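Chains L and D, in that order, are what the protein sequence lines are. Residue 1 is where the first sequence starts when you use this note's numbering, and the numbers rise one by one after that. Residue 163 is where the second sequence starts when you use this note's numbering, and the numbers rise one by one after that. Where a beta carbon is used, it is the ideal one built from N, C-alpha and C, also for glycine. Please read these numbers as outputs of a predicted model, since none were measured by experiment. To start, the structure itself, in C-alpha cells.
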Amino acid sequence: MSEITYLKPKNAKFFRNNNGFLGLKFNDVEYSRVNLIKAFPFSYENKFISVRDKEQNEIGIIEDISLFPEEVQKLFTEEIERRYYLPKITKIYSIKDEFGYSNWEVETNYGRRKFTIRRDPNNFVNIKANMILIIDVDGNRYEIPDYTKLDKKSFKKIELLL
Amino acid sequence: MKLLYKLPQDIETRIKEDGEQILCATPYDLEIQQPVNGFFVVTRSYFYIFKNKELIRKEKITRYKEYHHVLAVGFGHLEASNDEEETLLISFSMRHVNRYQSIATILNSIVENHVPKIVSDDEENNCPKCGRPYRFGSRVCRHCLNKKVVFKRLYTIIKPYLLPLFLSLFLMWSITGINLVTPTLHRILVNDYLTPKNKNLTAILLIIGGIGLCSLANTVINVIKNRLMIKVSASITYDLRQTVYTKIQSLSISYIENRKTGELMNRITGDTNRVQHFISNEISIGITQLLTLVVVTILLLVLNWKMALFILIPVPFIILYFRFMNQTFRSMYHSQWRISDRANSLLHDILSGIRVVKAFGMEEKEVSRFSKISKTLSDVTANNEKRYNTIFPFLNYLMGIGSFFILYYGGSLILKEKLQLGDLIQFTQYSQLIYGPLGWLTFFPRSFTNALTATERIFEILEEEPKVKNLAPETNLPIEGNVKVDHVTFGYRPYDPVLKDINLEVKPGEMIGLVGHSGAGKSTMINLIMRLYDVDEGKILIDNRDIKEINQKDLRSQMGVVLQETFLFAGTIYQNIVYARPNATLEEVIKAAKIANAHDFIMKLPDAYDTRIGEKGVRLSGGEKQRIAIARAILNNPKILILDEATASVDTETEYIIQEALGRLIKDRTTFAIAHRLSTLRNATKLIVLDKGKVIEYGTHDELLKKQGKYYQLVMAQKELTKTRE
Ligand SMILES: Nc1ncnc2c1ncn2[C@@H]1O[C@H](COP(=O)(O)OP(=O)(O)O)[C@@H](O)[C@H]1O
Ligand SMILES: [Mg+2]
Numbered sequence: 001m002s003e004i005t006y007l008k009p010k011n012a013k014f015f016r017n018n019n020g021f022l023g024l025k026f027n028d029v030e031y032s033r034v035n036l037i038k039a040f041p042f043s044y045e046n047k048f049i050s051v052r053d054k055e056q057n058e059i060g061i062i063e064d065i066s067l068f069p070e071e072v073q074k075l076f077t078e079e080i081e082r083r084y085y086l087p088k089i090t091k092i093y094s095i096k097d098e099f100g101y102s103n104w105e106v107e108t109n110y111g112r113r114k115f116t117i118r119r120d121p122n123n124f125v126n127i128k129a130n131m132i133l134i135i136d137v138d139g140n141r142y143e144i145p146d147y148t149k150l151d152k153k154s155f156k157k158i159e160l161l162l
Numbered sequence: 163m164k165l166l167y168k169l170p171q172d173i174e175t176r177i178k179e180d181g182e183q184i185l186c187a188t189p190y191d192l193e194i195q196q197p198v199n200g201f202f203v204v205t206r207s208y209f210y211i212f213k214n215k216e217l218i219r220k221e222k223i224t225r226y227k228e229y230h231h232v233l234a235v236g237f238g239h240l241e242a243s244n245d246e247e248e249t250l251l252i253s254f255s256m257r258h259v260n261r262y263q264s265i266a267t268i269l270n271s272i273v274e275n276h277v278p279k280i281v282s283d284d285e286e287n288n289c290p291k292c293g294r295p296y297r298f299g300s301r302v303c304r305h306c307l308n309k310k311v312v313f314k315r316l317y318t319i320i321k322p323y324l325l326p327l328f329l330s331l332f333l334m335w336s337i338t339g340i341n342l343v344t345p346t347l348h349r350i351l352v353n354d355y356l357t358p359k360n361k362n363l364t365a366i367l368l369i370i371g372g373i374g375l376c377s378l379a380n381t382v383i384n385v386i387k388n389r390l391m392i393k394v395s396a397s398i399t400y401d402l403r404q405t406v407y408t409k410i411q412s413l414s415i416s417y418i419e420n421r422k423t424g425e426l427m428n429r430i431t432g433d434t435n436r437v438q439h440f441i442s443n444e445i446s447i448g449i450t451q452l453l454t455l456v457v458v459t460i461l462l463l464v465l466n467w468k469m470a471l472f473i474l475i476p477v478p479f480i481i482l483y484f485r486f487m488n489q490t491f492r493s494m495y496h497s498q499w500r501i502s503d504r505a506n507s508l509l510h511d512i513l514s515g516i517r518v519v520k521a522f523g524m525e526e527k528e529v530s531r532f533s534k535i536s537k538t539l540s541d542v543t544a545n546n547e548k549r550y551n552t553i554f555p556f557l558n559y560l561m562g563i564g565s566f567f568i569l570y571y572g573g574s575l576i577l578k579e580k581l582q583l584g585d586l587i588q589f590t591q592y593s594q595l596i597y598g599p600l601g602w603l604t605f606f607p608r609s610f611t612n613a614l615t616a617t618e619r620i621f622e623i624l625e626e627e628p629k630v631k632n633l634a635p636e637t638n639l640p641i642e643g644n645v646k647v648d649h650v651t652f653g654y655r656p657y658d659p660v661l662k663d664i665n666l667e668v669k670p671g672e673m674i675g676l677v678g679h680s681g682a683g684k685s686t687m688i689n690l691i692m693r694l695y696d697v698d699e700g701k702i703l704i705d706n707r708d709i710k711e712i713n714q715k716d717l718r719s720q721m722g723v724v725l726q727e728t729f730l731f732a733g734t735i736y737q738n739i740v741y742a743r744p745n746a747t748l749e750e751v752i753k754a755a756k757i758a759n760a761h762d763f764i765m766k767l768p769d770a771y772d773t774r775i776g777e778k779g780v781r782l783s784g785g786e787k788q789r790i791a792i793a794r795a796i797l798n799n800p801k802i803l804i805l806d807e808a809t810a811s812v813d814t815e816t817e818y819i820i821q822e823a824l825g826r827l828i829k830d831r832t833t834f835a836i837a838h839r840l841s842t843l844r845n846a847t848k849l850i851v852l853d854k855g856k857v858i859e860y861g862t863h864d865e866l867l868k869k870q871g872k873y874y875q876l877v878m879a880q881k882e883l884t885k886t887r888e
C-alpha cells in the first residue's frame, strides 16, 4: 500500500489512443485512457505526476517528466493542458476597488482579461515565494509567477496587496 | 441558470435552415487553453458547435451514448463517448461550469429518449443590469445598488434617532453661534474700552464677564451634547448589531459556511461600529462644520474682503494637497490594516493549535514566525506615524501662512489708522475658525465612503434571502417519523453532485444504518434530512409532507442529533443538557442523563450538574462530552434521531457504554445512524451502502452479508483489522 509504483520509460509505454487521448501500457495491462494529476502543481510542476485510470485509481507515479523521451513528453503536455488551466499574468493595467471587490484588467499569456475578485485574503494567495494565485468570483484562477519580475507600474498596483 | 442565450443572426439562420428547434444555446469560451468565442447549441436531434460564428461541428445527439461534464483544474470540458469513441466537444472557463453541467444532463436525457425539461431563467451569478458578478452566494449587485438606495437605507437606520440627532445638531449650532459671538466681544473690548481715554472699568468687567459666560455656556452645552450623543450611539450600535445578528442566525448554513467566521464577526461588530460612528459623529459634525465654514467665510468677506482673500488664497491649494495625500494615506493605512489582520490570524492559528506546536517542539519556529510579522507591523506602523506626523504639522503651518500676511497687512492698516486693533483681533479669531472645517471637509469623502461601504455590507446581509426558506407556518404538529427520500440529487456546488438519485423509505421506529467509505456522502444525506441544505432535485418527505412545506422549528424540534464532534457551549452541564428544552424539569434532566449513561460520571464531579464546562471550565473527555450530547438529544424526545459517527472518537469501552445508551435511545424513534465500526449497525432494520454518491446496496445486515458485495467486503476488512490488532 505504502510503496510507490514508479512508471519509467522502460516499463510504461504511453501512446496516443484512437480518439486522441493519452493511453498507457504498463505491466502488460493496456489502459485505453489515463489521466495525469500533478502532486505539486505549484511547487514542482514536472515532478511526481500520478497516472490514473478512468475510475481515478492510481496506476503509478511518474517521478519526473524529463525522464521520458521527448515524443512522450509532448503527449504529457497535451494531457496536462487538458487538465490544468492557469493563465499567467504578465502585466497589470488597472485594479479598481469598489465595495469589497476589485476589478482587474490584465494582460495574460492568453491575452487581455478583465475579472473581478472578492476582497478576501483567500482569493489572493501567496502559494510560494514571489508567486501569487488569484481566484476570481467565478472560480477562475490566474497566476503571477513571480511578482518581482513584473514591470514597475504593474508591481506598484499590487504592492499594497502583498 | 441561463441556458438559452440570444444567438447571433447568422447562427440562428443556419439552424433554422435545418428546420430544427433550439432547446439550448450557450456560449463557451475556451478551445482547450486558447480563448475563443463560441456557441454550443442543442436541438431535439442535433448539437452544433460554432466557433466565431462558424459551424465547426454538427452531430446527431444519439451518435454518442453518454455526455460528460469534466471538471478539470481551473476550467472544464464537455466530452462525449460511445463504445468506440471518446471525444472532446468544447472547453469552458469556470464561469460556465454550472451551465454545462446542466447541458450534459439534458443531452443525456435526450439520448435516453426523455424529453428534457429545460428551465432557462436569467438568474445568474452576474447582475443582469451591469454584468458584474454578485458577491458569492448573494443576489444583490453591489454596483447597481445605486447611491440613492444606500442613502435611503442609511436613512432607515437613522430614522428612529432623528429627534436626539436634531437636538444635538441644535446644540452644536448653539456652540458655533457662541463661538462667533466671542470674537465680537473681544473687538468691542479692545476698540472701545481698552483705550487710555476710557475710564469705564465696569464696562470692561461686563464684557469680560460676557466672554467668560460664553465660555461657560460653551462648556455646558458641550457636555450636554456629548452625553446625549453617547446615549444615542450606544443604542444605535445595539439596535444595528441586534438586527444583523438576528439576520445571520436566520440565514442558511451554506451562507455561513461560505464565509469566514472572522468576516461575519466583522459585520456584526466592525461594520455596525462604523455606521454608528458615521451617524452619531460625522453627520452632525459635518453639517455644523459646513455651516461654520459658510458663515465664517461670509463674515470674513463682509468684515474686510481684502484681508479675507489672504486667508482664502491658500485654501484651494490645501484642498488639492489633501486630495492628493488622501490616496497616500489610504494606501498607508490599508497596508497597515492588512498586516495587522495577518498578524492577528496568525496568532489565532497558533494559539488554537498550541498543542500541536508543543507536541512537535516548534515553539521557537512559531516565535520567530510571529516576531517576523510583528516586526513588519511595527515597522509599517512607525513609518506611517512618522509620515503622518511630518505631513500634518507642516500642513498646519501652511494653512497658517495666511495669518502672517494678515498680521502684516492689518498691522499696516492700523498704523495708517484705517483699521482698529480690535477689528484685527476679531478678524484673526474668525480666521482661526475656518481651518478646522476645511481640514475636516477634505477628510469627509473618505469617511463618507467608509460609512457607505459599511452600510452596504450590513444591508447585504439584511437583504440576503435564506437559501433554505422557511415558509410554512408553525403548527406544532407532531411528527410520526415516516421518512421518504425520493430521487434526490444534491451537491454543495451544483456542478459537482455529491448524492445522485437517492431513494429510500423508512417507517416510524426503524433504524437505518448508512455505510460507505469516508467521503461517500453519508453526512451529506443526513444534512439533507435535517434540511440544512435544500435538495437540487427530487424530494424528501416526512410523514408524506415535503420537508420544504414543514416549518423548520417544527421539523428540528422533533429531531435529535449526536455528531462525531460534539460542541458544548461554555456553561454548566445542566445548561448544556437543557439547551433545546429550557423548561425541562430536573427529573427529566436526570432521567435523560441516566439514559445517556452520563449520570454517574456527572455525579462524580464535585459540582455535579452545576459543573462549568467549556473553555474556562472542567475539561471533559471525548466520551463524556458525547454522553452529554446524547442526554441533550434525548431530552428533546425527538421522533427522528440522527447519529453521525457518534462513537468514532472514543475507545472501545466507552463506546460500549455509549452504544448501550444509544440502544435505549433509539427505541420508538426513526433513527439514521452512521458508524465507523460496522458491528454497531448490526441491529439496524436496513442498511444502505453508499458509494460515490449512489446507493449500491440496500438490505438487512444478513441479506447484505449473504450477497457478498461491498458491505461484505467492508465487514471483512474490519474483521481483519480487529484481528491484527489483537
Ligand atoms: N460543506 C461542504 N462543502 C463542500 N463540500 C462538502 C461539504 N461537506 C462535505 N463535502 C464533500 O461532499 C462529499 C461527501 O462528504 P460527506 O457527506 O461528509 O461524506 P461522509 O460523511 O460519507 O464521509 C465529500 O467529497 C466532501 O468533500
Ligand atoms: Mg461524515
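Beta-carbon spacing of residue 688/D, residue 641/D below 8 Å = Numbered from 1 along the second sequence, position 526 holds the residue referred to as residue 688/D. Numbered from 1 along the second sequence, position 479 holds the residue referred to as residue 641/D. No, Cβ-Cβ distance for residue 688/D and residue 641/D is not below 8 Å.
Could you name the residues of the same chain whose beta carbon sits closer than 7 Å to that of residue 280/D, not counting the 5 residues immediately before and after it, in chain order?
-> Counting from one through the second sequence, the residue named residue 280/D turns up at place 118. The beta carbon of residue 280/D is closer than 7 Å to those of 165, 185, 186, 268 in its chain, skipping five residues each way along the sequence.
Look at the alpha carbon of residue 617/D and the alpha carbon of residue 602/D, and state the distance between them as a whole number of angstroms.
-> Mapped onto the second sequence, residue 617/D falls at position 455. Mapped onto the second sequence, residue 602/D falls at position 440. Note on geometry: alpha-carbon atoms of residue 617/D and residue 602/D lie some 21 Å from one another.
How many whole angstroms separate the CB atoms of residue 7/L and residue 26/L, which I take to be in contact at a CB cut-off of 8 Å?
-> The sequence position of residue 7/L within the first sequence is 7, counting from 1. The sequence position of residue 26/L within the first sequence is 26, counting from 1. The beta carbons of residue 7/L and residue 26/L sit about 6 Å from each other, so the pair counts as a contact at 8 Å.
Along the chain, which unbroken stretches of the alpha helix (DSSP H) at least 4 residues long are found entirely within the segment 696 to 782 of chain D?
-> DSSP runs (the alpha helix (DSSP H)) wholly in the segment 696 to 782 of chain D: 714 to 719, 735 to 739, 748 to 757, 761 to 766.
State yes or no: is the C-beta of residue 685/D nearer than 7 Å to some heavy atom of ligand 3?
-> Because ligand 3 does not appear in the structure shown, any question about it cannot be addressed here, the ligands present being ligand 1 and ligand 2.
Going by Cα to Cα distance, which pick from 453/D, 706/D, 181/D is closest to residue 339/D?
-> On the second sequence, residue 339/D is found 177 positions in, with the first residue counted as 1. Closest by alpha carbon: 453/D.
Residues, ordered as in the chain, of the segment 230 to 241 of chain D that lie near chain L by beta-carbon distance below 8 Å | Going along the segment 230 to 241 of chain D in chain order, one finds 234, 235, 236, 237, 239 with a Cβ nearer than 8 Å to chain L.
Could you tell me if residue 388/D is buried or exposed, where buried requires 16 or more neighbouring beta carbons within 10 angstroms of its beta carbon?
-> Numbered from its first residue, the second sequence carries residue 388/D at position 226. When all chains shown are included, residue 388/D counts as exposed.
So which of 622/D, 182/D, 857/D, 868/D has the shortest CA-CA distance to residue 664/D?
-> Counted from its first residue, the second sequence places residue 664/D at position 502. Selected option, being the one with the closest Cα: 857/D.
Identity of the residue in 91/L, 84/L, 36/L, 90/L nearest residue 200/L by Cα = The structure shown has nothing for residue 200/L, since chain L only spans 1 to 162.
Would residue 194/D count as contacting chain L if we go by Cβ distances under 8 Å?
-> Within the second sequence, numbered from 1, the residue matching residue 194/D stands at position 32. Residue-level contact check: residue 194/D touches chain L, since one or more beta carbons of chain L fall below 8 Å from its beta carbon.
For residue 684/D, count neighbouring C-beta atoms within 10 Å of its own C-beta (all shown protein chains included) and say buried if the count is 16 or more, exposed if not.
-> Looking up residue 684/D in the second sequence gives position 522. Sixteen is the threshold: when 16 or more other Cβ atoms of the shown chains lie within 10 Å of the Cβ of residue 684/D, as they do, the residue is buried.
Using the beta-carbon of each residue, which ones in chain D are nearer than 7 Å to residue 139/L?
-> Taking the first residue of the first sequence as position 1, residue 139/L is located at position 139. Residues of chain D whose Cβ lies closer than 7 Å to the Cβ of residue 139/L are, in chain order, 256.
Is there at least one non-hydrogen atom of ligand 1 closer than 7 Å to the beta-carbon of residue 483/D?
-> Counted from its first residue, the second sequence places residue 483/D at position 321. No, Cβ of residue 483/D sits at least 7 Å from all heavy atoms of ligand 1.
Identify the contact partners of residue 147/L in chain D, using a Cβ-Cβ distance below 9 Å as the criterion.
-> Residue 147/L sits at position 147 when you count from the first residue of the first sequence. Among the residues of chain D, none has a CB under 9 Å from the CB of residue 147/L; the nearest is roughly 15 Å distant.
Can we count residue 807/D as close to ligand 2, meaning its CB is less than 7 Å from some heavy atom?
-> By 1-based counting over the second sequence, the position of residue 807/D is 645. Residue 807/D: yes, Cβ under 7 Å from ligand 2.
At 7 Å on the CB atoms, spell out the chain D contacts of residue 21/L, in chain order.
-> Position 21 of the first sequence holds residue 21/L. What residue 21/L touches in chain D: 248.
Just confirm the distance between the C-beta atoms of residue 767/D and residue 803/D, as a whole number of angstroms; I'd bet it's less than 8 Å.
-> As a position in the second sequence, residue 767/D is number 605, starting the count at 1. As a position in the second sequence, residue 803/D is number 641, starting the count at 1. With a Cβ gap of about 27 Å, residue 767/D and residue 803/D do not count as contacting.
Would you call residue 265/D buried or exposed, if buried means 16 or more other Cβ atoms sit within 10 Å of its Cβ?
-> Indexing the second sequence from 1 puts residue 265/D at position 103. With a 10 Å radius around the Cβ and a threshold of 16 neighbouring Cβ atoms, residue 265/D comes out buried.
Give a yes or no on whether the minimum CB-CB distance between residue 82/L and chain D is below 8 Å.
-> For this step, residue 82/L is matched to residue 82 along the first sequence. Judged by the 8 Å Cβ criterion, residue 82/L is in contact with chain D.
Would you call the segment 491 to 511 of chain D and the segment 584 to 592 of chain D touching, i.e. three or more CB-CB distances under 8 Å?
-> Taking a contact to require three or more Cβ pairs closer than 8 Å, the segment 491 to 511 of chain D and the segment 584 to 592 of chain D do not qualify as touching.
Please compile the residues from chain L whose C-beta is within a distance smaller than 7 Å of the C-beta of residue 497/D.
-> Reading the second sequence from its first residue, position 335 is the one you call residue 497/D. Against chain L, a Cβ distance below 7 Å from residue 497/D picks out 160.
Should residue 104/L be labelled buried (16 or more other beta-carbon atoms within 10 Å of its own) or exposed?
-> Taking the first sequence and counting its residues from 1, one reaches residue 104/L at position 104. Under the 10 Å beta carbon count, residue 104/L is surrounded by 16 or more other beta carbons and is classified as buried.
Quick one: Cα of residue 311/D to Cα of residue 614/D, how far?
-> The count along the second sequence starts at 1 and reaches residue 311/D at position 149. The count along the second sequence starts at 1 and reaches residue 614/D at position 452. A direct Cα-to-Cα measurement between residue 311/D and residue 614/D gives close to 11 Å.
Contact between the segment 707 to 723 of chain D and the segment 781 to 799 of chain D: three or more CB pairs below 8 Å?
-> Yes, since at least three Cβ pairs between the segment 707 to 723 of chain D and the segment 781 to 799 of chain D fall closer than 8 Å, the two stretches touch.
Which residues bound the alpha helix (DSSP H) around residue 541/D?
-> As a working note, residue 541/D is residue 379 in the second sequence. In the DSSP assignment, residue 541/D falls within the unbroken alpha helix (DSSP H) covering 525 to 577.
Inter-stretch contact (C-beta, 8 Å, three-pair minimum) for the segment 436 to 452 of chain D and the segment 352 to 365 of chain D | With a cut-off of 8 Å, the segment 352 to 365 of chain D and the segment 436 to 452 of chain D do not count as touching, because too few Cβ pairs lie within range.
Run the proximity test for residue 654/D: is its beta-carbon closer than 7 Å to any non-hydrogen atom belonging to ligand 1?
-> Stepping through the second sequence from its first residue, residue 654/D is reached at position 492. It does: the Cβ of residue 654/D is within 7 Å (strictly closer) of some heavy atom of ligand 1.
Could you check where the alpha helix (DSSP H) with residue 687/D kicks off and where it finishes?
-> Numbered from 1 along the second sequence, position 525 holds the residue referred to as residue 687/D. Here the alpha helix (DSSP H) through residue 687/D covers 684 to 691.
Under 8 Å between C-beta atoms of residue 149/L and residue 43/L = On the first sequence, position 149 is the one that residue 149/L refers to. On the first sequence, position 43 is the one that residue 43/L refers to. No, these two residues do not count as a Cβ contact at 8 Å.
Cβ-Cβ separation, residue 621/D to residue 844/D (assumed contact under 8 Å), whole Å = Position 682 of the second sequence, counted from the first residue, corresponds to residue 844/D. Position 459 of the second sequence, counted from the first residue, corresponds to residue 621/D. Between the beta-carbon of residue 844/D and that of residue 621/D there is about 54 Å, and that puts the pair past the 8 Å contact cut.
Who are residue 207/D's beta bridge partners in DSSP?
-> What you label residue 207/D is simply residue 45 of the second sequence in a count that begins at 1. For residue 207/D, DSSP assigns no beta-bridge partner whatsoever.
Where residue 673/D falls: helix, strand or coil (DSSP) = Here the question's residue 673/D lines up with position 511 in the second sequence. Note: residue 673/D maps to strand in three-state DSSP.
Please classify residue 577/D: is it buried, with 16 or more other beta-carbons within 10 angstroms of its beta-carbon, or exposed?
-> Residue 577/D sits at position 415 when you count from the first residue of the second sequence. Exposed, because fewer than 16 other Cβ atoms sit within 10 Å of the Cβ of residue 577/D.
Within chain L, the residues that residue 493/D reaches when beta carbons sit closer than 7 Å | Taking the first residue of the second sequence as position 1, residue 493/D is located at position 331. Here the neighbours are 160.
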